[in-house]
Amino acid sequence: MKAQLAQLQASLAQVQGALDTAADLQAQKTQLEAQKQTAQAGLEEADAAIADLNAKQKQVSDGLAQIQAAEARLPELEAAQAQIDASRSQLETSRNELNIHESQDQSGQAQLEQGRRDLTKAKAELADGETKLKEETEKGQKKIEDAQKELDELEPQWIVLDRNSFYSYRDYQSCADRMDGIASVFPVFFFLVAALVCMTTMTRMVDEQRSTIGTLKALGYAWWQIAMKYILYSLLASILGSILGCAVGMVVFPCIIFYAWNTMYTIDTIKTVWQPGLMLLASGSVTLVILATTLFSIGRELREVPSQLMRPKAGVSGKQILLEKVPAIWQRIPFLHKVTLRNIFRYKKRFFMTVIGISGCSALLVAGFGINDSISSIVSEQFGAIYQYDAAVTADNDALSDPLKKLEGVTGVYEEQDLPVTLDMDGNKAAATLHIIPDGTQGKKLADFVHLDSLDKEPLTVPQEGALVSQKMAEKLRLKPGSKLTLETADDQKLETTVADVFSQYVGHQVYVSQKTFDDWHVAEQPQDVYLLKTSDQSDDFEEALGGNIMLLDDVRSVSFYSKLQQNFLDMIGSIKMVVVVLVISAAMLAFVVLYNLVNVNISERMREIATIKVLGYTEREVDAYVNRESLILAMIGGGTGLILGIWLHRLIMNLAELDDVMFGRIISPLSYLFAFGLTVLFALLVNFVMRFRLRKVEMVESLKAVE
Numbered sequence: 079m080k081a082q083l084a085q086l087q088a089s090l091a092q093v094q095g096a097l098d099t100a101a102d103l104q105a106q107k108t109q110l111e112a113q114k115q116t117a118q119a120g121l122e123e124a125d126a127a128i129a130d131l132n133a134k135q136k137q138v139s140d141g142l143a144q145i146q147a148a149e150a151r152l153p154e155l156e157a158a159q160a161q162i163d164a165s166r167s168q169l170e171t172s173r174n175e176l177n178i179h180e181s182q183d184q185s186g187q188a189q190l191e192q193g194r195r196d197l198t199k200a201k202a203e204l205a206d207g208e209t210k211l212k213e214e215t216e217k218g219q220k221k222i223e224d225a226q227k228e229l230d231e232l233e234p235q236w237i238v239l240d241r242n243s244f245y246s247y248r249d250y251q252s253c254a255d256r257m258d259g260i261a262s263v264f265p266v267f268f269f270l271v272a273a274l275v276c277m278t279t280m281t282r283m284v285d286e287q288r289s290t291i292g293t294l295k296a297l298g299y300a301w302w303q304i305a306m307k308y309i310l311y312s313l314l315a316s317i318l319g320s321i322l323g324c325a326v327g328m329v330v331f332p333c334i335i336f337y338a339w340n341t342m343y344t345i346d347t348i349k350t351v352w353q354p355g356l357m358l359l360a361s362g363s364v365t366l367v368i369l370a371t372t373l374f375s376i377g378r379e380l381r382e383v384p385s386q387l388m389r390p391k392a393g394v395s396g397k398q399i400l401l402e403k404v405p406a407i408w409q410r411i412p413f414l415h416k417v418t419l420r421n422i423f424r425y426k427k428r429f430f431m432t433v434i435g436i437s438g439c440s441a442l443l444v445a446g447f448g449i450n451d452s453i454s455s456i457v458s459e460q461f462g463a464i465y466q467y468d469a470a471v472t473a474d475n476d477a478l479s480d481p482l483k484k485l486e487g488v489t490g491v492y493e494e495q496d497l498p499v500t501l502d503m504d505g506n507k508a509a510a511t512l513h514i515i516p517d518g519t520q521g522k523k524l525a526d527f528v529h530l531d532s533l534d535k536e537p538l539t540v541p542q543e544g545a546l547v548s549q550k551m552a553e554k555l556r557l558k559p560g561s562k563l564t565l566e567t568a569d570d571q572k573l574e575t576t577v578a579d580v581f582s583q584y585v586g587h588q589v590y591v592s593q594k595t596f597d598d599w600h601v602a603e604q605p606q607d608v609y610l611l612k613t614s615d616q617s618d619d620f621e622e623a624l625g626g627n628i629m630l631l632d633d634v635r636s637v638s639f640y641s642k643l644q645q646n647f648l649d650m651i652g653s654i655k656m657v658v659v660v661l662v663i664s665a666a667m668l669a670f671v672v673l674y675n676l677v678n679v680n681i682s683e684r685m686r687e688i689a690t691i692k693v694l695g696y697t698e699r700e701v702d703a704y705v706n707r708e709s710l711i712l713a714m715i716g717g718g719t720g721l722i723l724g725i726w727l728h729r730l731i732m733n734l735a736e737l738d739d740v741m742f743g744r745i746i747s748p749l750s751y752l753f754a755f756g757l758t759v760l761f762a763l764l765v766n767f768v769m770r771f772r773l774r775k776v777e778m779v780e781s782l783k784a785v786e
């Protein structure tokens, strides 16, 4: 209303100016009337002069005498004639000016009348505007008073948000939880494999010193005095190894994992916390495992009599293997290969120790590669197979479909309504999104933007009755088709329905219902309008320009592009890949140690046998093949067993590392199996290559010497 008053006052000033102009024109008119009278008087004088001239001309014609007399007055007459001509020209100019001023006078009169009419109208509008302004002012004042009254009646309520309410903090905490889940499984396998390595090492040491143990027993030393030598040896080794392991584990590994995750988060520096409890627990566990295996290895030897201990251990007798009962195959196997197969099953303890150790390392490799495959599959499955749209727009306006379709680069638009709800998961509140799908043709178009597939990969449609729930939600709430589902709105309103089916979903808890089901609930809270967009371009510049244009539309609340979410997941996967690399390298090193230790024990136990075949004329190549072929076959058997064990280990780790609202895949690519098996075989070949130099050093004469 104030703007209208200002406009009317401007119009009034314009009219007043027109009135002032009309007054000036009236003054000019009066001046021109005076000039007209003066010109008229001059014209009458000119007419009189002409009449006088005519009379004089008549007198000239009457006689030459008069002409002669008039010749003296001729210059005077010529001057009078010039004056008459000048008066006529001035008269014509005055007439033209008079006509112009008369025209201006008429125009000024018309403007004066129009100005008077505009002034009258402006005064009427001004009065009307003042009346409306007064009414609106009274209404506004009443609303202010009512609002102030309601505000005075409200009771204050404090809402305190801790750091768990911040998304970035919770997201970083979820990453730490994932690492905690992985860390709860891998150490167990490392402990088991370390125990196996320790047991084989101590077994080899005890076997090599049987005669020494027998001598000490014969001299009267107690069993615990003899065992103390080996216990102290293993204790010292475990203490030194624990110190080195704690240094690496508390400094190197945390730094690698920290800087890997720091590609997604901005944290200045890592703060190393002194954790004596954890260090003592890890060191104590390792020490106990090593001491237990040491006691297990030496206990059997200490039970024998001294005379038996001072003699070499009898070789394991050979037995017929199952393959010998198939002549069609056995007779076609070369002799040295037959010996290899018999030796594999002849030394059953070494067979099982090698297979168990190699299978454990291979399982760790499969699990490490599988973690990478499972997490990497989220991006392709969630944002490629399930989500078929590129952006989502939330608004408080249900008429934005046509404006969005007109934007450059938008190839498709789907409208739905979303409502944030909560779930009760074991006493904790979990956030979920309720998708309200329109009935009829519009609802069928959902398949063009979101693929809802059952766990059996069958396409699903939103039913008229019941709800479709995401797989992770179904697992956490133990839901299946026909189960009761209860949701809660922000207004604490309970929404109950039945589960129609479960669909594949990797990110977030999602529930899809029809418009009819939602209307039957009579929800008081108003859902927000959501528009799913397909675009022709996913570049950063295009999305930035499109997002700016969308935000210019009425009632738009937010715009999110899924390329950014994909990039976040890719960053997370890149960080996890670094962690997987650390785990794979650790497992690979452990596999190498296991293979080296087992092959070394194998050679140590069979020194006399190797020396014997050398005496019999076996070449260096045949000796290498005789020994190393066994370890290679055992590595392949252990690697194959580890592939199967790795599947179970991978599933266990995935279940422990998953978040409440994120479901990892259970995918292990064929290349991962190939890499795990290939690394196992590669380490076996590398160990065999190293052991060739030890086989060369076996002295035939020294090895064949009898103990007696």
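Count along the sequence shown starting at 1, add 78, and that's the number in my numbering.
Glycine included, every Cβ here is placed at the ideal spot set by N, Cα and C.
Range covered by the beta strand (DSSP E) that runs through residue i
{"i": "Tyr425", "result": "Here Tyr425 belongs to no beta strand (DSSP E), and DSSP marks it neither H nor E."}
{"i": "Val634", "result": "Val634 to Phe639"}
{"i": "Ser592", "result": "Gln588 to Ser592"}
{"i": "Asp607", "result": "Gln606 to Thr613"}
{"i": "Asn506", "result": "Asn506 to Ile515"}
{"i": "Thr472", "result": "Ala469 to Ala473"}
{"i": "Leu546", "result": "Ala545 to Ser548"}
DSSP three-state assignment for residue i, whether helix, strand or coil
{"i": "Ala568", "result": "coil"}
{"i": "Gln495", "result": "strand"}
{"i": "Pro481", "result": "helix"}
{"i": "Asp649", "result": "helix"}
{"i": "Ala689", "result": "helix"}
{"i": "Lys562", "result": "strand"}
{"i": "Glu536", "result": "coil"}
{"i": "Leu400", "result": "helix"}
{"i": "Asp476", "result": "coil"}
{"i": "Met667", "result": "helix"}
{"i": "Phe527", "result": "coil"}
{"i": "Val779", "result": "helix"}
{"i": "Tyr584", "result": "coil"}
{"i": "Ala602", "result": "coil"}
{"i": "Val659", "result": "helix"}
{"i": "Val577", "result": "strand"}
{"i": "Leu557", "result": "coil"}
Test item: CB-CB of residue i and residue j under 8 Å
{"i": "Thr472", "j": "Val608", "result": "yes"}
{"i": "Thr787", "j": "Glu574", "result": "The structure shown does not extend to residue 787, since the chain spans only 79 to 786, so no value can be given for it."}
{"i": "Val364", "j": "Ser440", "result": "no"}
{"i": "Ile436", "j": "Val672", "result": "yes"}
{"i": "Val577", "j": "Lys594", "result": "no"}
{"i": "Val591", "j": "Val540", "result": "yes"}
{"i": "Ile321", "j": "Thr372", "result": "no"}
{"i": "Val765", "j": "Phe670", "result": "yes"}
{"i": "Ala769", "j": "Asn706", "result": "Per the sequence presented here, residue 769 reads as Met, with Ala not at that position. Closer than 8 Å, so yes."}
{"i": "Ile434", "j": "Leu419", "result": "no"}
{"i": "Val531", "j": "Phe581", "result": "First, the amino acid is wrong: residue 531 is Asp here, not Val. Yes, they are a contact pair."}
{"i": "Met277", "j": "Phe430", "result": "no"}
{"i": "Tyr704", "j": "Val444", "result": "no"}
{"i": "Val329", "j": "Thr347", "result": "no"}
Span of the alpha helix (DSSP H) around residue i
{"i": "Gly521", "result": "Thr519 to Lys522"}
{"i": "Pro405", "result": "Pro405 to Trp408"}
{"i": "Gly625", "result": "Asp618 to Met629"}
{"i": "Ser385", "result": "Pro384 to Leu387"}
Are three or more beta carbon pairs between the segment 581–590 and the segment 550–566 nearer than 8 Å?
yes
At which residue ranges does the segment 274–357 contain complete beta strand (DSSP E) runs of 3 or more residues, listed in the order of the chain?
none
Tell me the start and end of each unbroken alpha helix (DSSP H) in the segment 695–755 that is at least 4 residues and wholly inside, in chain order.
Correct list: 698–735.
Is the segment 763–782 touching the segment 720–728 in the sense that three or more CB pairs, one from each, lie closer than 8 Å?
In short, these stretches do not touch, since the Cβ pair count stays below three.
Between the segment 469–489 and the segment 635–648, are three or more C-beta pairs nearer than 8 Å?
Of all C-beta pairs linking the segment 469–489 to the segment 635–648, three or more are shorter than 8 Å, placing the two stretches in contact.
Pairing CB atoms from the segment 487–501 with CB atoms from the segment 606–623, are three or more of them under 8 Å?
Three or more Cβ pairs closer than 8 Å define a contact, and the segment 487–501 meets that threshold against the segment 606–623.
The segment 278–296 in contact with the segment 382–390 per 3-pair CB rule at 8 Å:
yes
Does the pairing of the segment 690–699 with the segment 741–752 give three or more beta-carbon distances under 8 Å?
Cβ pair count under 8 Å is below three, so no.
Would the segment 495–505 and the segment 456–463 be scored as touching if the rule is three or more Cβ pairs under 8 Å?
no
Are three or more beta carbon pairs between the segment 678–686 and the segment 398–418 nearer than 8 Å?
no
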